[in-house]
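Numbering (our numbering), first residue to last: 1 to 232.
Glycine residues also receive a C-beta, built at the ideal position from the N, C-alpha and C atoms.
Contents: one structure, followed by commentary.
Right, here's the structure in full:
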């Protein structure tokens with residue numbers, strides 16, 4: 001029996017609206033998780049440069065834990081584990097606002113922060129030591145030297161790797177489907193369950209993921225070129 005393609009059925013009911021809401025949820029989660037990852041990753045990088053042994057061990061442990069445990073396990077740990085030990089009043093408020101969204105965003109952001117920290121740390125190693133020494137002779141303290149001189153250069157150097165991390169973060173948001181979040185993949189599953197149009201639904205979902213990924217890649221490449229041009 002031949003399979004007949006029927007993309008028109010995806011335009012009925014509220015299926016287009018469900019897909020658009022899924023895309024919006026995915027992008028919102030990507031943006032919030034990226035801000036968490038970028039901010040925390042930058043902080044961890046600066047703290048490691050202080051070369052305080054006890055602190056360095058803790059950060060290394062954090063990075064090892066988040067890089068060596070699957071992303072899905074982190075999401076499940078936060079949604080089922082961390083939520084279970086939280087005070088009921090706090091957990092109830094989170095669930096009212098959207099527990100699936102909150103916990104999955106936190107989990108994805110924390111995992112990505114470990115990778116961002118390592119990328120920035122590698123970039124800092126590529127910056128000549130003399131730049132820190134020069135900034136200190138100009139009267140800047142260590143933290144101001146990092147913030148004004150070293151980190152901006154590290155960000156520029158690591159734009160390609162940070163772009164890759166952003167792409168991975170964006171794609172990893174699909175794992176939140178496992179705890180019931182209706183993001184893009186979750187929306188596709190809901191429509192497929194109602195219509196049984198498996199190929200059509202996941203073809204559309206695939207095209208949307210590809211389109212957004214290409215936009216992110218273009219933005220990363222454009223930012224890298226602009227930064228390189230300004231550095232000349």
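The alpha helix (DSSP H) with residue 31 in it runs from where to where?
15-49
If we count Cβ pairs, one from each stretch, closer than 8 Å, do we get three or more for the stretch 95-104 versus the stretch 157-177?
Below 8 Å, enough C-beta pairs join the stretch 95-104 and the stretch 157-177 to call them touching: three or more.
For residue 186, which residues of its own chain have a beta-carbon under 6 Å away from its beta-carbon, when the five flanking residues on both sides are left out?
177
With distances taken from CA atoms, which of 183, 79 and 134 is nearest residue 20?
183
Using CA atoms only, rank isn't needed, just tell me which of 2, 5, 14 and 75 is closest to residue 194.
14
Measuring straight from C-alpha to C-alpha, what distance separates residue 29 and residue 221?
22 Å
Between residue 9 and the rest of its own chain, which residues show a CB-CB distance below 7 Å, the 5 nearest in sequence each way excluded?
195 and 197
I'd like the list of long-range same chain contacts for residue 117, defined as Cβ closer than 7 Å, with 5 residues on each side in sequence excluded.
Around residue 117: 41, 44, 45 and 63.
Between which residues of its own chain and residue 55 is the CB-CB distance below 7 Å, once the five residues before and five after are set aside?
47
Can you grab the Cα-Cα spacing for the pair residue 154 / residue 69, in whole Å?
27 Å
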